[in-house]
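Undergrad: Protein chains in written order, with this note's numbering: chain X, 31 to 165; chain R, 31 to 165; chain C, 31 to 165; chain G, 31 to 165; chain Y, 31 to 165; chain V, 31 to 165.
Number of protein chains: 6
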Amino acid sequence: MSIMPVLSDEEAGAAARAVFDDIRDTRQTDFVNNFWRVLANDPALLARTWDKLKAVMGPGSIDPLVKEMIYVAVSVTNGCQYCIHSHTAAARAKGMTDQQLMELMAVVGAANETNRLVNGLQVPVDEAFLSDPKA
Amino acid sequence: MSIMPVLSDEEAGAAARAVFDDIRDTRQTDFVNNFWRVLANDPALLARTWDKLKAVMGPGSIDPLVKEMIYVAVSVTNGCQYCIHSHTAAARAKGMTDQQLMELMAVVGAANETNRLVNGLQVPVDEAFLSDPKA
Amino acid sequence: MSIMPVLSDEEAGAAARAVFDDIRDTRQTDFVNNFWRVLANDPALLARTWDKLKAVMGPGSIDPLVKEMIYVAVSVTNGCQYCIHSHTAAARAKGMTDQQLMELMAVVGAANETNRLVNGLQVPVDEAFLSDPKA
Amino acid sequence: MSIMPVLSDEEAGAAARAVFDDIRDTRQTDFVNNFWRVLANDPALLARTWDKLKAVMGPGSIDPLVKEMIYVAVSVTNGCQYCIHSHTAAARAKGMTDQQLMELMAVVGAANETNRLVNGLQVPVDEAFLSDPKA
Amino acid sequence: MSIMPVLSDEEAGAAARAVFDDIRDTRQTDFVNNFWRVLANDPALLARTWDKLKAVMGPGSIDPLVKEMIYVAVSVTNGCQYCIHSHTAAARAKGMTDQQLMELMAVVGAANETNRLVNGLQVPVDEAFLSDPKA
Amino acid sequence: MSIMPVLSDEEAGAAARAVFDDIRDTRQTDFVNNFWRVLANDPALLARTWDKLKAVMGPGSIDPLVKEMIYVAVSVTNGCQYCIHSHTAAARAKGMTDQQLMELMAVVGAANETNRLVNGLQVPVDEAFLSDPKA
């Protein structure tokens, strides 16, 4: 059960509906998922969050499908069920195959394992990894 | 300070040295970083971990550079300093530009933020995201 | 499904019931929520945990409503569904408005984002932040 | 060692310097801390992050000092050293006493403990906590 | 709802079924739980994961029941519901009593609390804890 | 650098010194590590934390060495450097061998990996794991 109501188009105020419209326009779909409908309880937070995601997840120097995979990797590490479902769906819509999904999970699993082996043994960072970042 | 000694080639036993040799062979470099030298205190753990990473991070349906970016994303989310340094170096060696690095961080930051907005508001998963995975 | 039974007043032993009574007394309500009823399977753990929370969450130099908000912030970051529901309810009972709730989530989201930007880029701590804590 | 260079005013481009100026203006200080100087490697990310924090952390329905305490609580839970130092400094600048700092830590510690007791025992959410959020 | 299908013996390919058979053989039961049936969508990942767990969780210098308790402790800290249920069941099957379960939770809770007190106060590591690991 | 001063015996107040004395008495050593010396800035928090740890980590239904291993497992998962060093030292003092330490890390690593495979694939909990906890 949600902490704040999932607002329909009618329940959302004008400012929130304007964001819904931009989401529909940008994604070329009439579907506005629950995340935005709950954020609509704070139209300024909704607008800021949507503007940020549009800027971050859109075309750039990293492929949008790769960005979705990175999003899934973080969500899996944090155990965010909603985010795993929504961003896996987004990655699939952008072309992720089942084979790639399984391979993504294997990488995420391995990283979480070695992160802890490193933590646990307190491995000192190699000098070779600390060279001047400007060089 | 490491919890277990960082073993030189001389200090490592024959089983561990055989893994070091395979690392050098696979990566085409003489450099064996501290992670492996600390794992060498348990040659079976060293061998299993290296075999796994070689299988997971090698060529497959996801590009090796993308896999390194995913590894970095997980390590950043977990706050593993060593892993951030070593896998950023690996990603750079595979071609990641500074622009891509900054964009990767932006995606990881955004995912960590929205993961918590979703958690905090307990957004219910949309039916649309729960369609039959076999379909 | 709970890992250990949710004990009713009748099922709980005398030591656990004494804690239930103190909870009712302190909160001025007959309601004892499931957290305490599951902890009741280990009366010593129940008593220690209740005594601690009573000491920590009660009046002090930080306002009790603010303490509940901090509790929610931690629970959201950790993704603890039960804790998010129970402490949001507690914060609302102490006067948190919907506007404050949304603002709290915005702060928690932002902190989780910048925590990762800092991790990912390994930003060195400014000297200005490391001044003598006794000064 | 930072992953990307900590840019001085001279090294930062015009877009980044404009953000630095707004930081100085808003905070009424000449000091621009390393977080912003590293983000300056991606001026768009820098501008978005600063605009967001200015909006989120400024005056609203929650007191700015309380917001800083919430920020510290998240940073402590995530173990972000830089963020703990910078936001503790910010909270102290806004009036947090040593007594409040210790009390904040006690709340954060208690929340992290009970989050795990709840997780571990899989305590079911009480019906009383799931009442209609619109009610 | 699972992201990938939970494969029955008939749906799983020959390679996956061979792993299922080894699981049945090793555990002396006909039951193969869902974790393995979902991993079966990537037979190589299934085989690697099973081989690893068999090696790690089997007899060694740490008692198998203690290993299951450690597994539960990690799963509770990460909030992995499935893992808490499956490894608590495994620990119980190996002899863990209810009293030990409650005591395990108390230790996990306490560790999560003091981890944050240490983080939050940035306690410097004592020299005494940093003695030469080879000594 | 610590956020609050590391108090010497002389700087600590009488209430804190009484706790230091009990630590010395219980552990049969003159050494009081930094964790307690920083908590001493809030004598009530110091006393509560020490009393709790003494109750939780002492003899019970789980062996004290096993409890220390569980503590290390949590600290490694959370990446708490101080806690890893202090509780590894405590486990060694109670008899943990290097072989056991490496095996502990292998279990912690494996658990962190499979926790994420389960999260990522959203594996449904088997009915067999959800049997009546009272049965």
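Cβ coordinates follow ideal geometry from the N, Cα and C atoms, glycine included.
If you draw a straight line from the alpha carbon of residue 125/X to that of residue 95/X, how long is it in whole angstroms?
TA: The alpha-carbon atoms of residue 125/X and residue 95/X are separated by roughly 7 Å.
Undergrad: Taking the runs of the alpha helix (DSSP H) that are 4 residues or longer, which of them lie wholly in the region 97-154 of chain X?
TA: Counting only runs of 4 or more, we get 111-123, 128-151.
Undergrad: How about residue 120/X and residue 101/X: are their beta carbons less than 9 Å apart?
TA: Against a cut-off of 9 Å, the Cβ pair of residue 101/X and residue 120/X comes out as a contact.
Undergrad: On the three-pair Cβ rule with 8 Å, is the region 35-43 of chain C touching the region 138-146 of chain X?
TA: Touching, no, given that fewer than three Cβ pairs across the two stretches are closer than 8 Å.
Undergrad: From this set, 105/X, 85/X, 79/X, 118/X, which residue's C-alpha is nearest residue 161/R's C-alpha?
TA: Of the candidates 105/X, 85/X, 79/X, 118/X, the one whose C-alpha sits nearest the C-alpha of residue 161/R is 118/X.
Undergrad: Listed from N- to C-terminal order along the chain, which residues in the region 95-120 of chain V have their beta-carbon within a distance smaller than 7 Å of any beta-carbon of chain G?
TA: Correct list: 108, 109, 110.
Undergrad: Helix, strand or coil, according to DSSP, for residue 40/X in the structure here?
TA: Correct three-state label for residue 40/X: coil.
Undergrad: Measuring CA to CA, which of 152/G, 91/G, 114/G, 99/G is closest to residue 129/C?
TA: Residue 129/C has its Cα closest to that of 91/G, out of 152/G, 91/G, 114/G, 99/G.
Undergrad: Residues of the region 65-89 of chain V with a CB closer than 7 Å to any CB of chain G: list them in chain order, please.
TA: Correct list: 71, 72, 75.
Undergrad: Helix, strand or coil for residue 31/C per DSSP?
TA: The answer is coil: DSSP assigns residue 31/C none of H, G, I, E or B.
Undergrad: Shorter than 9 Å from the beta carbon of residue 143/G to some beta carbon of chain Y?
TA: By this cut-off, residue 143/G is an interface position.
Undergrad: Skipping 5 residues on each side, what residues in its chain have a beta carbon closer than 7 Å to that of residue 107/G?
TA: 138, 142.
Undergrad: Which residues, in order along the region 31-47 of chain R, keep a beta-carbon less than 9 Å from a beta-carbon of chain V?
TA: Listed by position, the residues of the region 31-47 of chain R near chain V (Cβ gap below 9 Å) are 31, 33, 34.
Undergrad: Taking only the alpha-carbon atoms, compute the straight-line gap between residue 33/V and residue 53/X and give it to the nearest angstrom.
TA: Residue 33/V and residue 53/X: Cα-Cα distance of roughly 44 Å.
Undergrad: Which residues in chain R have a C-beta closer than 7 Å to the C-beta of residue 160/Y? List them in chain order.
TA: Those are 31, listed as they occur along chain R.
Undergrad: Applying a beta-carbon distance threshold of less than 7 Å, which residues of chain C neighbour residue 51/Y?
TA: Correct list: empty, because the minimum Cβ distance to chain C is about 30 Å.
Undergrad: What do you get for residue 153/C, buried or exposed, if any count of 16 or more other CB atoms within 10 angstroms of its CB means buried?
TA: It counts as buried.
Undergrad: Please classify residue 98/R as buried or exposed, where buried requires at least 16 other C-beta atoms within 10 Å of its C-beta.
TA: Counting Cβ neighbours within 10 Å, residue 98/R comes out buried, since at least 16 surround it.
Undergrad: For residue 149/X, count neighbouring Cβ atoms within 10 angstroms of its own Cβ and tell me buried if that reaches 16, exposed if not.
TA: When all chains shown are included, residue 149/X counts as buried.
Undergrad: Cβ of residue 123/C less than 9 Å from any chain R Cβ?
TA: Not an interface residue.
Undergrad: With DSSP as the reference, label residue 52/R as helix, strand or coil.
TA: Helix at residue 52/R.
Undergrad: If residue 145/R sits next to residue 116/X, beta carbons under 8 Å apart, how far is it from one beta carbon to the other, in whole angstroms?
TA: Not a contact, Cβ separation roughly 11 Å.
Undergrad: Any beta-carbon of chain C closer than 9 Å to the one on residue 55/G?
TA: Answer no: the Cβ-Cβ gap between residue 55/G and chain C never drops below 9 Å.
Undergrad: In three-state terms, what does DSSP make of residue 61/C?
TA: If DSSP states are grouped into helix, strand and coil, residue 61/C belongs with coil.
Undergrad: Under the assumption that residue 62/V contacts residue 50/V (Cβ atoms under 8 Å), give the Cβ distance between them as a whole number of angstroms.
TA: Between residue 50/V and residue 62/V the Cβ distance is about 5 Å, and since that is below 8 Å, they are a contact.
Undergrad: If residue 70/R and residue 46/R are in contact, beta carbons under 8 Å, what's the gap, nearest whole angstrom?
TA: Confirmed, Cβ separation roughly 4 Å.
Undergrad: Taking only three categories from DSSP, how would you classify residue 89/X?
TA: In this structure, residue 89/X counts as coil in the three-state DSSP scheme.
Undergrad: If we cut at 9 Å on Cβ distances, does residue 128/C have a partner in chain X?
TA: At least one chain X Cβ lies under 9 Å of residue 128/C.
Undergrad: Below 8 Å on C-beta distance, what does residue 152/G contact in chain C?
TA: Within chain C, the residues near residue 152/G are 31, 32, 33.
Undergrad: Can you list, in chain order, the residues of its chain whose CB lies under 6 Å from that of residue 80/V, leaving out five sequence neighbours each side?
TA: The residues are 49.
Undergrad: If you run the structure through DSSP and keep just helix, strand and coil, what is residue 164/V?
TA: The predicted model places residue 164/V with a pLDDT of 46, which falls under 50 and marks its position as unreliable, so this point remains unresolved.
Undergrad: From the beta carbon of residue 155/C, is the nearest beta carbon of chain B less than 9 Å away?
TA: Looking for chain B here will not work: the only protein chains present are X, R, C, G, Y and V.
Undergrad: Just to confirm my understanding: we take residue 87/G, look at its own chain, exclude 5 residues before and 5 after, and list those with CB closer than 7 Å. What are they?
TA: Correct list, in chain order: 94, 97.
Undergrad: For residue 131/X, go through chain Y and note every residue whose CB falls closer than 8 Å to its CB, in chain order.
TA: Within chain Y, the residues near residue 131/X are 33, 34.
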